[in-house]
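Count the sequence shown with the working numbering and you get residues 31 to 436, in order. Just so you know, even glycine gets a beta-carbon here, dropped at the ideal spot from N, CA and C.
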Amino acid sequence: MTLNVLIIDDSLSTCQLLSRYFSELDVDQVEYCRDGLAALRLLTKYRDHYHILVVDLHMPGMDGIELLSRLSRIGFRGGVIIASGMESRIIEAASQVVINSRLRLLGALTKPVCQTQLQICIERLMMMAPDLGRPTSRLSAEQIRQAIQDDKVVPYYQAQVDSKGRIEGFEVLCRLQDGDHLQLVGPDAFIDMAEQHGLLNAISEKLINCAMREWLEIGRHPECQHSRLSINLTPKQLASNGWPAKLLEYCDAYELDISRLTVEITENQALDQHSQHASISRLRLHSVGVAIDDFGTGYTNLTQLCRLPISELKLDMSLVRGIHMDALAQTILKSLVEIGARLGVAVVAEGVEDPRDYAYLEQYPNIIIQGFLICRPKPCQEIMRWLDAHQKVVHLHAQSQPGMLH
């Protein structure tokens, strides 16, 4: 992995300090510019060389906000960190410039910036742009076809809990087995190829059939009597009028209460087609939940959120990571929780791995939490063992707090 950083700040001491921090975080190359105009000239010429920009707002000549507004025009696709000593409202306004320009906002930091904050921002970039990380071994179209034909499409389940640890549902995650290899591969290794070769529907059908069959066992567990099952569809799949009817047929065949099913829409394309809106409306008409996945990094904005009849919003892990110390992410979460409460939309925080982030999220009684800290994705039999262990933990916790609901 190669990672190059450009710091844009008129303070030499700040540039030197941040350069040292980044060097200690194993960044390959760190450079700095002392004014916005020089940075713009450099980025226009070497746009794809830099993966992260650290931008101060108050600079002589071209200020940081003007520079940010021009970045999308030159086609910059890296990540942006705002680092400023200005008041929080100005930093938030600059953040909105980045978001509206479809740039990757990694952080909006108030000076002095610490090294831990920069590390979190780098981790966010790796989540937003995994192609910058370690290369993933990809399956060929023929390997994918063979896995489908051999029934080697395997559902994994990841639990979602409320702030008290009670189970709200499970997201179904797809794994494929390549031939006789024991190691299963995740979507990064096959999703793009499957979509290019028209294999995604076949994978989804195999996955949903298997997941609903296994849900007959999982859903009967005492911890899961009121929990939901979430499956993923892409906007392209959603544009097909056939999927709402297929899902109704699956629920009927497996005697699944349709109100306990949620469709998560992965945001690799914009939800702007009439057929997509129609499918969402049809699903909601039949009491199927609809969730927007990876909110905050995809295509859906607040205007669409208010217009679409969705039931759930999943805050992307890149915004949840380090939220206990990120004022901007906290503001975004607070706003979304308030909007969700008004619209009757549940908010799910994805990718929770740090106990400090979990402790921060616990203060929101209506938020749903998902991540490795709670439960790593597991196949059916492993999730059943996890449920037994989770039931014991919740029972012991309830006994220690007599007033707590179980």
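Does DSSP put residue i in a helix, a strand or coil?
| i | result |
| --- | --- |
| residue 146 | helix |
| residue 296 | coil |
| residue 112 | strand |
| residue 350 | helix |
| residue 325 | strand |
| residue 264 | coil |
| residue 107 | coil |
| residue 423 | helix |
| residue 186 | strand |
| residue 32 | coil |
| residue 62 | strand |
| residue 75 | helix |
| residue 318 | coil |
| residue 47 | helix |
| residue 91 | coil |
| residue 121 | helix |
| residue 408 | strand |
| residue 340 | coil |
| residue 313 | helix |
| residue 286 | coil |
| residue 138 | strand |
| residue 57 | coil |
| residue 291 | strand |
| residue 259 | strand |
| residue 418 | helix |
| residue 169 | coil |
| residue 335 | helix |
| residue 83 | strand |
Nearest CA to the CA of residue i: which residue from the options?
| i | options | result |
| --- | --- | --- |
| residue 393 | 105, 35, 360, 86 | 360 |
| residue 43 | 55, 142, 68 | 142 |
| residue 343 | 248, 389, 295 | 295 |
| residue 280 | 243, 248, 251, 314 | 243 |
| residue 238 | 261, 51, 99 | 261 |
| residue 195 | 90, 399, 414 | 399 |
| residue 89 | 67, 170, 410, 336 | 67 |
| residue 345 | 357, 337, 380, 335 | 380 |
| residue 193 | 247, 378, 173 | 378 |
| residue 173 | 83, 111, 221, 401 | 221 |
| residue 116 | 138, 286, 107 | 138 |
| residue 63 | 36, 350, 154 | 36 |
| residue 386 | 288, 410, 408, 356 | 356 |
| residue 413 | 131, 98, 275, 250 | 250 |
| residue 350 | 45, 153, 133 | 153 |
| residue 69 | 55, 47, 46, 104 | 104 |
| residue 155 | 283, 371, 107 | 107 |
| residue 371 | 335, 50, 405 | 335 |
| residue 207 | 409, 190, 269, 284 | 409 |
| residue 234 | 277, 157, 405, 146 | 277 |
| residue 47 | 144, 191, 369 | 144 |
| residue 134 | 416, 189, 98, 288 | 98 |
Using a Cβ-Cβ cut-off of 7 Å (strictly less than) and excluding sequence neighbours within five positions of residue i, which residues of its own chain qualify?
| i | result |
| --- | --- |
| residue 311 | 339 |
| residue 86 | 38, 39, 40, 94, 113, 114 |
| residue 273 | 263, 267, 309 |
| residue 390 | 353, 354 |
| residue 205 | 184, 186, 214, 215, 216 |
| residue 96 | 66 |
For residue i, collect the residues of the same chain with a Cβ closer than 8 Å to its Cβ; drop the 5 residues on either side in sequence, then sort them by chain order.
| i | result |
| --- | --- |
| residue 236 | 178, 181, 183 |
| residue 167 | 215, 219 |
| residue 341 | 292, 314, 319, 320, 321, 374, 375, 376 |
| residue 19 | Residue coverage of the chain in this structure runs from 31 to 436, which leaves residue 19 outside it and unanswerable. |
| residue 91 | 65, 66, 67 |
Ignore the nearest five residues each way along the sequence and tell me which others in residue i's own chain have a CB closer than 6 Å to its CB.
| i | result |
| --- | --- |
| residue 175 | none |
| residue 33 | 57, 58, 81 |
| residue 241 | 185, 202 |
| residue 111 | 84, 136, 137, 151 |
| residue 383 | 401, 402, 403 |
| residue 165 | Low confidence applies to residue 165: its pLDDT is 47, below 50, so where it sits in the model is not reliable, and the reading given next is rough at best. So no residue of the chain qualifies. |
| residue 148 | 51 |
Say the cut is 7 Å; is the CB of residue i nearer than that to a heavy atom of the ligand ATP?
| i | result |
| --- | --- |
| residue 74 | Summarising the ligand content, the structure contains no ligands, and the ligand ATP is consequently not present. |
May I ask you to verify whether the segment 385-399 touches the segment 227-245, counting CB pairs closer than 8 Å and requiring at least 3?
no
Do the segment 253-260 and the segment 213-223 touch if we need at least three Cβ pairs shorter than 8 Å?
no
Please specify which runs of the alpha helix (DSSP H), each continuous and at least 4 residues long, are wholly inside the segment 344-404, giving them in chain order.
347-350, 357-373, 385-391
Hey, is the segment 408-422 in contact with the segment 360-374, meaning 3+ C-beta pairs nearer than 8 Å?
no
How about the segment 275-294 and the segment 315-325: do they share at least three Cβ pairs that are nearer than 8 Å?
yes
Of all the beta strand (DSSP E) runs that stay within the bounds of the segment 173-249, which reach a length of 3 or more residues?
183-191, 197-207
Should the segment 120-127 be regarded as contacting the segment 64-81, the criterion being three or more beta carbon pairs within less than 8 Å?
no
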